[in-house]
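> All residue numbers for the sequence shown refer to my numbering, where the first residue is 391 and numbers rise by one. Backbone N, C-alpha and C define an ideal beta-carbon position, used for all residues, glycine too.
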Amino acid sequence: MTREVRLLNTGSLLELSRRLRAAGGENIRSSMHRRIRRAAEPLRDDLQNTIRALDIRSSGRTTRSGGPSPTTRPLRATIADAIRISVRTGSHPGASVWVDKGRLPPDMRRMPEVINSGPPPGRIRHPVFGNKRRWANQYVKPFWWDDTVRKHTPRMEREVARIADDVRRRLD
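Written as structure tokens, this is what we have:
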């Protein structure tokens with residue numbers, strides 16, 4: 391997904407990374423890495439829970455339900471399983487939370503973006519069972535990714551700043 395969350399240079403992470411390398415503090419670096427990952431994990435977990443619980447409504451017939459998915463790849467669970475965290479403490483320190491498109495089937499690679507922001511926001515348009523002559527519209531609450539990230543950003547920034555301060559104190 392192009393909307394990737396990155397915590398970079400918060401509390402001078404780059405300067406700390408250089409000082410860690412110079413000091414040779416491998417256990418301090420691994421501790422910092424682990425704590426930054428822990429700061430990002432609640433965001434990843436909330437993003438996964440949000441997409442799994444996302445209500446997708448159909449605009450078609452209302453007299454009968456659509457039934458179980460004809461595929462073995464449920465859309466929301468597949469997207470949730472592709473949400474990843476990456477933590478770096480080297481030359482570009484920080485954390486990223488993103489949807490790993492390589493873990494999605496080729497026909498689903500654009501779906502996280504489509505579900506999040508459209509076009510138009512909140513509408514998913516797709517062929518019915520792969521039949522390109524027959525299309526269906528489904529609707530969701532848009533901006534599931536953006537809203538969840540916005541909710542977690544202040545907490546993550548505070549946590550990463552606290553981690554950087556702790557590491558700086560240990561190096562001094």
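1) So for V550, helix, strand or coil by DSSP?
2) Would A434 and I473 qualify as a contact pair, given that the criterion is a beta-carbon distance under 8 angstroms?
3) Decide if the region 518 to 533 is in contact with the region 486 to 494; the criterion is three or more beta carbon pairs, one per stretch, under 8 angstroms apart.
4) On the three-state DSSP scale, how would you describe V477?
5) Helix, strand or coil for S557 per DSSP?
6) Provide the residue(s) that pair with A526 in DSSP beta bridges, ordered along the chain.
7) In the DSSP output, what is R447 paired with across the bridge?
8) Can you list, in chain order, the residues of its chain whose CB lies under 6 angstroms from that of S476, leaving out five sequence neighbours each side?
9) Using CA coordinates, which residue listed in I418, S407, G484 and L444 is at the minimum distance from R579?
10) With distance defined between alpha-carbon atoms, name the residue in P509, R463 and R424 nearest to R493.
11) Determine, for V477, whether the minimum Cβ-Cβ distance to residues of chain C falls below 8 angstroms.
12) Any idea which residues DSSP pairs N521 with across the strands?
13) If I measure Cβ to Cβ from A470 and keep anything under 6 angstroms in the same chain, skipping five residues before and after, which residues do I get?
14) If you count every other CB in all the chains shown that lies within 10 Å of the CB of T392, and 16 or more means buried, which is it?
Well, looking at it:
1) helix
2) According to the sequence shown, residue 434 is Arg rather than Ala. Cβ distance < 8 angstroms, so R434 and I473 count as in contact.
3) no
4) strand
5) The displayed chain sequence assigns Val, not Ser, to residue 557. Helix, per DSSP.
6) H516
7) Y529
8) S486
9) What the structure shows of the chain is the stretch from 391 to 562, and residue 579 is not part of that stretch, so it cannot be assessed.
10) R463
11) The chain labelled as chain C is not found in the depicted structure, where only one protein chain is given.
12) V518
13) Q438, I441 and R442
14) Its pLDDT being 44, under 50, T392 is placed unreliably in this model, and the value from its coordinates should be taken loosely. With fewer than 16 other Cβ atoms within 10 Å, it is exposed.
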